[in-house]
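Trainee: One line per chain: the protein sequences are A and B, in this order.
Residue numbering for the first sequence follows this note's numbering, beginning at 1 and increasing consecutively.
Residue numbering for the second sequence follows this note's numbering, beginning at 1001 and increasing consecutively.
Backbone N, C-alpha and C define an ideal beta-carbon position, used for all residues, glycine too.
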Amino acid sequence: MKGRMISPGKAEGEAIVSTEPIGFYGGIDINTGIVIEKGHMLEGQSVKDKILVFPNGKGSTVGSYVIYGIAKNNVGPKAIINKETETIVATGAILAGVPCVDGIDIDQIKSGDILEVNADEGEVNIK
Amino acid sequence: MYLNRDEEAILNGENGEVMQRLFRLLVRLGEIYNAENMIPVGSVQVAGVSYKSVDDPGLAFLEDLSKQNAKVKVLTFLNPAGMDLEAWEEIGFPKDFAENQLRIMDAFKKMGIVITSTCTPYLAGNLPRFREHIAWSESSAVSFSNSVIGARTNREGGPSALAAAICGRTPNYGLHLWENRQPTIAIHVDAELKYAADYGALGYHVGKQIKNKIPYFTGIKDANTDLLKALGAAMAASGAVALYHIEGLTPEADLVESKDLEKITVSKNDISDTYNTLNKGSDPDIVILGCPHASLREIATLSEKVSGKKLKKPVWICTSRMMKEASNRMGFTQIIENAGGKIVADTCMVVSPIEQMGFKKTGVNSGKAANYMPGFCKQEVVYKNIDDLIEEVLE
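(1) What's the gap between the Cα of B:A1081 and the Cα of B:T1118?
(2) What residues from chain A crowd round B:R1169, counting only those whose CB sits closer than 8 Å?
(3) Looking at the structure shown, is B:L1311 part of a helix, part of a strand, or coil, going by DSSP?
(4) Please list the residues of the stretch 1045-1059 of chain B that have a C-beta atom closer than 8 Å to any C-beta atom in chain A, keeping them in chain order.
(5) Applying the criterion that 16 or more other CB atoms from any shown protein chain within 10 Å of the CB defines a buried residue, is B:T1265 buried or exposed?
(6) Measuring CB to CB, does B:L1003 end up less than 9 Å from B:V1027?
(7) Quick one, which of B:E1014, B:H1205, B:R1181, B:S1066 has its alpha-carbon nearest B:I1214's?
(8) Have a look at B:D1084 and A:D120 and give me their C-alpha separation to the nearest angstrom.
(9) Between A:I28 and B:K1305, what straight-line distance do the alpha-carbon atoms span, to the nearest angstrom?
(10) With a threshold of 9 Å between beta carbons, is A:I88 in contact with chain B?
(11) If we cut at 9 Å on Cβ distances, does A:T32 have a partner in chain B?
(12) With DSSP as the reference, label B:R1129 as helix, strand or coil.
(13) Going along chain A, which residues have a C-beta under 7 Å from B:R1024?
(14) So does the stretch 1187-1196 of chain B actually touch the stretch 1154-1173 of chain B, counting three or more Cβ pairs closer than 8 Å?
(15) Closer than 9 Å, CB to CB, is B:R1028 near chain A or not?
(16) B:G1290 to A:P55, Cα distance in whole Å?
(17) Just verifying my parser: in three-state terms, what is the DSSP assignment at B:I1113?
(18) Which ranges does the beta strand (DSSP E) cover as unbroken runs of at least 3 residues, wholly within the stretch 1189-1265 of chain B, from first to last along the chain?
(19) What residues match up with B:C1119 in a beta bridge as DSSP calls it?
(20) Give me the chain B residues within the contact set of A:V66, using Cβ-Cβ distance strictly less than 7 Å, ordered along the chain.
(21) With a cut-off of 8 Å on the beta carbons, I'd call B:S1282 and B:E1392 a contact; round off their distance for me.
(22) Would DSSP call A:D102 helix, strand or coil?
(23) To the nearest angstrom, how far is it from the Cα of A:I67 to the Cα of B:G1048?
(24) Count the other CB atoms, across all protein chains shown, that sit within 10 Å of the CB of B:Q1045; report buried if there are 16 or more and exposed otherwise.
(25) Near B:Y1033, what residues of its chain come up, given a Cβ to Cβ distance below 7 Å and the 5 sequence neighbours on each side ignored?
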């Protein structure tokens, strides 16, 4: 699949897919990387070392700093794949140096799929 | 996006890794918004300063950046902090909150940012000129600089404003371009407006209806900068209005194309209905003025109203450190304190933790404060003009 590079880099890993938007501030614990938003479809699951796939970000702009924080605490995702990256996620991914690609048909990806991400070329492949 | 040779060098890391990453952020945001190039900025105002807003993740990010020796290239001011940076203990801000807030300020200072925390940088020593490109964050300051001064800025997020300050550039899109500064709706005001609270009500009403459009006002015959700041702040809060024009008053009004626009009329009844929507009662626990930060003229007005009298409830007026200094010199501070009030500098009611300080019902004369306080501060709002508010809390 071919999309657009938001933040450069390459990664390979297991997908964790949310069909709902993710709000990072108040949504993901900065020390553990576990989704803490009540009622969220990923509640209780960790994004650590996964390829995090979701349509777009939502909520507070402080979310950018949370993406930075989980990366710094080594509990963040290896890469982020979006349908459409808005500025909160774009800012966080770029500041944190996490590869990020958007413009991807995320309906084709299921949790547990092994993904190969080459953000420099905007490429995402299911292995 | 076109980048010149210097900019290519930054992106290739020739000016260090920190600048490379921050510049990458600007380039990517520029690409998302279809900017053709970068433009130099004359000044920056950074939001995301209060510990209440940025929390531990923001604190960690800012400290990392300052430890990596990031330095700003242009005059950079800050948005309000979560407390008065000098008198926090005396006013009663919580100690653990204060410690984290001071760490944030320290990180900013190390980056060369002027740590004057205010939403009115234009009153405190950061005044852009007409048509100057700037990168400001706080929504009322963005509105004022675009509309009343005619400088050009988009509404920046905290990180993108910091990146602009450190790289000295911002992507050229949105309100930096003349074609995007044209009005998209006409608003005729058919009401006499006197108080800042009247302009706040007008702004709240219009912002709710027009969202992020650019209004062209007619029918506002005269309004000083205090009233315009109240109007712009409320429209930016209830809608997302970052630029407005007023016939006869604002600098671009005669230059833009204002014909054949969809037109809304605002009546006297619309204003009084808005007062009724915003006002949830009487008898506030505290009255807080100065949203956006009070000018010296507004501090003088309060001082006149309470001179020689006693207040039965706390009254705060929030302002910048610079205005407070002038107020001290003029004796306004002493008069307000003698009555039982306080001049609170560097912070404001929206970003300070007043809900942790025992207040439940706050009296305000600001459409912006009335918009945010129920959510951010869990306050019930009493919305009145300054005369009626002070009347309620005088002994």
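Mentor: On the basis of the supplied data:
(1) 8 Å
(2) In chain order: nothing, as chain A lies at least about 16 Å away.
(3) Collapsing the DSSP output to three states places B:L1311 in a strand.
(4) G1048, S1053, V1054, D1055, D1056, P1057, G1058
(5) exposed
(6) Taking 9 Å as the Cβ cut-off, B:L1003 and B:V1027 qualify as a contacting pair.
(7) B:R1181
(8) 46 Å
(9) Their backbone Cα atoms lie some 49 Å apart in a straight line.
(10) yes
(11) A:T32 does not count as touching chain B.
(12) When DSSP states are grouped into helix, strand and coil, B:R1129 belongs to the coil group.
(13) In chain order: I94.
(14) Too few Cβ pairs lie closer than 8 Å, so no.
(15) Cβ-Cβ to chain A under 9 Å: yes for B:R1028.
(16) 40 Å
(17) Shown here, B:I1113 sits in coil according to DSSP, grouped into three states, outside any helix or strand.
(18) 1215-1218
(19) Paired residues: none, contrary to the question.
(20) In chain order, P1057 make up the part of chain B whose C-beta sits under 7 Å from the C-beta of A:V66.
(21) 6 Å
(22) strand
(23) 16 Å
(24) The residue is buried, with at least 16 neighbouring Cβ atoms inside 10 Å.
(25) P1171, Y1173, G1174
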